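Trainee: One structure coming up, written as structure tokens, with questions to follow.
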Amino acid sequence: MDRDDQIKGCEVTKDELVPIEADELSEIALESTHTINIEAFCKREEVDERYLDKPYYLAAEDKVSREAFAVIRDAMKKKGMAGLGRLVIYKRERVVLLEPYGKGLLATLLRYQDEVRSPTAYFEDMPDGKPTDEMRALAEELIARSTKTFDPSKFEDRYEEALITLVKGKASKPSKGKGRAKAEASNTGNVVNLMEALKRSIDSEKAGSPAKPSARKSSGSKRTATASKQPASKPAPRKVRKAA
Numbered sequence: 001m002d003r004d005d006q007i008k009g010c011e012v013t014k015d016e017l018v019p020i021e022a023d024e025l026s027e028i029a030l031e032s033t034h035t036i037n038i039e040a041f042c043k044r045e046e047v048d049e050r051y052l053d054k055p056y057y058l059a060a061e062d063k064v065s066r067e068a069f070a071v072i073r074d075a076m077k078k079k080g081m082a083g084l085g086r087l088v089i090y091k092r093e094r095v096v097l098l099e100p101y102g103k104g105l106l107a108t109l110l111r112y113q114d115e116v117r118s119p120t121a122y123f124e125d126m127p128d129g130k131p132t133d134e135m136r137a138l139a140e141e142l143i144a145r146s147t148k149t150f151d152p153s154k155f156e157d158r159y160e161e162a163l164i165t166l167v168k169g170k171a172s173k174p175s176k177g178k179g180r181a182k183a184e185a186s187n188t189g190n191v192v193n194l195m196e197a198l199k200r201s202i203d204s205e206k207a208g209s210p211a212k213p214s215a216r217k218s219s220g221s222k223r224t225a226t227a228s229k230q231p232a233s234k235p236a237p238r239k240v241r242k243a244a
């Protein structure tokens with residue numbers, strides 16, 4: 001379809017599309033700003049973690065700004081408070097959480113309320129499991145043995161590493177045509193007993209650090225449970241295009 005025959009619009013119902021012209025979008029577009037208007041202060045722990053989106057470091061550019069930074073930073077640190085303000089970034093107004101961080105501030109973009117899913121729809125009908133005392137004790141022992149100080153450097157993106165290795169390997173060898181690996185037959189009935197899995201995990205901890213898992217699990221690997229993962233945040237609405 002030719003681009004000239006396409007229009008932007010918003011689907012308000014299943015079969016109803018409200019067309020929006022480019023000049024109409026330009027009229028309501030916001031220009032990015034370099035200032036943050038602090039509207040209120042709150043306790044940091046009052047902000048639900050689900051609303052945190054993307055963090056940025058906030059630093060002062062000149063002497064006057066540095067003095068203002070120091071004043072607001074030190075005051076928030078002393079009171080144990082965080083600031084709530086607004087910032088226009090990428091032509092969209094965002095709510096931002098400001099908190100003391102080192103010599104500057106940490107500015108975290110927040111999601112709006114309608115972007116965060118309610119847990120009720122996912123947890124309301126979930127039956128309350130009743131594990132035995134033995135299972136609880138095993139789980140608590142596993143937690144105690146596996147407790148470590150959080151170190152983000154220990155968590156590597158194994159997929160990215162495998163992809164880089166794959167690309168380097170293919171780049172160093174001449175192409176021999178496309179190949180296709182045969183997929184293994186899936187084994188949907190191979191479910192592990194939770195008690196046995198906990199006991200094996202504890203035995204593994206006693207014997208030493210477990211072996212590093214491969215970047216990709218085979219389709220026949222064992223699993224303890226199957227769950228449907230739902231993100232806490234809602235996906236951004238898609239732009240709908242329809243021919244005139």
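Position 120 of the sequence shown, counting from 1, maps to 120 under full-length UniProt numbering, and the rest follow consecutively.
The C-beta atom is built at its ideal place from N, Cα and C for all residues, glycine as well.
Just so we're clear, the structure is a prediction, and the values are computed from it rather than from any experiment.
1. Do Leu-97 and Ala-82 come within 8 Å of each other at the CB atom, strictly closer than that value?
2. CB Met-195 to CB Met-135, shorter than 8 Å?
3. Have a look at Ala-137, Ala-70, Lys-154 and Gln-113 and flag the residue whose alpha-carbon is nearest the alpha-carbon of Gly-102.
4. Could you tell me the distance, in whole angstroms, from the CA atom of Val-95 to the CA atom of Ile-36?
5. With a CB to CB cut of under 8 Å and the five nearest residues on each side skipped, what residues in its chain are close to Leu-142?
6. With H, G and I counted as helix, E and B as strand and the rest as coil, what does DSSP make of Glu-16?
7. Specify, as a first and last residue, the run of the alpha helix (DSSP H) that Phe-36 falls within.
8. When you compare only the Cα positions, how much space is there between Lys-43 and Leu-84?
9. With DSSP collapsed to three states, give me the class of Ala-225.
10. Return the residue from the list Val-88, Gly-80 and Arg-111 that minimises the CA-CA distance to Pro-100.
11. Output needed for Asn-193: all residues of its chain with C-beta closer than 8 Å, excluding positions within five of it in sequence on either side, in chain order.
12. Alpha helix (DSSP H) containing Thr-165: first to last residue?
13. Do you know offhand how far Ala-121's Cα is from Glu-140's?
14. In or out: Thr-147 buried (at least 16 other Cβ within 10 Å) or exposed?
Mentor: The relevant details are as follows:
1. Position 82 of the sequence shown, counted from the start, is the residue given in the question as residue 82. Position 97 of the sequence shown, counted from the start, is the residue given in the question as residue 97. Yes, these two residues count as a Cβ contact at 8 Å.
2. The residue given as residue 195 occupies position 195 in the sequence shown. The residue given as residue 135 occupies position 135 in the sequence shown. In contact: Met-195 and Met-135 (Cβ atoms closer than 8 Å).
3. Residue numbering aside, residue 102 sits at position 102 when the sequence shown is read from its first letter. When the alpha-carbon of Gly-102 is set against those of Ala-137, Ala-70, Lys-154 and Gln-113, the nearest one is in Ala-70.
4. Residue 95 sits at position 95 when you count from the first residue of the sequence shown. Residue 36 sits at position 36 when you count from the first residue of the sequence shown. Straight-line Cα distance between these residues: approximately 10 Å.
5. Residue 142 sits at position 142 when you count from the first residue of the sequence shown. Contacts found: Leu-198, Ser-201, Ile-202 and Glu-205.
6. For the purposes of this step, residue 16 is identified with residue 16 of the sequence shown, where counting begins at 1. Under the three-state reduction of DSSP output, Glu-16 falls in the strand class.
7. The residue you call residue 36 lines up with position 36 of the sequence shown. Just to set this straight, residue 36 is Ile in the shown sequence, not Phe. Per DSSP, Ile-36 belongs to no alpha helix (DSSP H) and is neither H nor E.
8. Taking the first residue of the sequence shown as 1, we reach residue 43 at position 43. Taking the first residue of the sequence shown as 1, we reach residue 84 at position 84. Looking at the two C-alpha atoms, the distance is approximately 10 Å.
9. Position 225 of the sequence shown, counted from the first residue, corresponds to residue 225. Bear in mind that a pLDDT of 42 at Ala-225, under 50, signals an unreliable position, so the model cannot answer this.
10. In the sequence shown, the residue the question calls residue 100 occupies position 100. The shortest C-alpha separation from Pro-100 is found at Gly-80.
11. Locating residue 193 in the sequence shown gives position 193, where the first residue counts as 1. So no residue of the chain qualifies.
12. On the sequence shown, residue 165 is found 165 positions in, with the first residue counted as 1. In this chain, the alpha helix (DSSP H) harbouring Thr-165 covers 158-172.
13. As a position in the sequence shown, residue 121 is number 121, starting the count at 1. As a position in the sequence shown, residue 140 is number 140, starting the count at 1. So the two alpha carbons sit approximately 29 Å from each other.
14. Working through the sequence shown from its first residue, we reach residue 147 at position 147. Under this definition Thr-147 is an exposed residue.
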